[in-house]
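Its first residue numbered 169, the sequence shown is counted upward by one per residue in our numbering. Quick reminder that beta carbons are idealized off the backbone N, C-alpha and C, glycines included. Because the structure is a prediction, the values reported are computed rather than measured. Since the structure comes first, as structure tokens, the remarks are kept for the end.
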Amino acid sequence: YDARYSANELFNYLVSGLNKAGIKIYDIGLVPTPLGYFSLYEGLKFDANVMITGSHNPKDYNGFKITINKESFFG
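Structure below.
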């Protein structure tokens, strides 16, 4: 996740829900968005990545960038 104030709270709710669904979570911490994508291709080679970020939007905005099997998920 990024450094926005709401990121940690969103992270905790997301992890709680994913754990209840039986999904194993790896927390790579506070990192820049490109490192989240990189985790799918090199070294860690995860199956999916969820980055909590407001991207280029104002500081009060936040959301999820989701990548599954190296494909960005939009919806």
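Kindly identify the DSSP beta-bridge partner or partners of residue i.
| i | result |
| --- | --- |
| F232 | I220 |
Report the residue from the options whose alpha carbon sits nearest the alpha carbon of residue i.
| i | options | result |
| --- | --- | --- |
| E174 | I220, I234, N225, I236 | The residue you asked about is not Glu; residue 174 is Ser in the sequence shown. Ranking I220, I234, N225, I236 by Cα distance to S174 puts I220 first. |
| H224 | K233, S184, K238 | K233 |
| F206 | K227, F242, N237, A171 | N237 |
| L203 | F179, G185, A189, V218 | V218 |
Helix or strand or just coil, what does DSSP make of residue i?
| i | result |
| --- | --- |
| F241 | strand |
| G185 | helix |
| E177 | helix |
| G246 | Residue 246 is absent from the structure shown; the chain starts at 169 and stops at 243. |
| G197 | coil |
Ignore the nearest five residues each way along the sequence and tell me which others in residue i's own chain have a CB closer than 8 Å to its CB.
| i | result |
| --- | --- |
| L182 | V218, I220, F232 |
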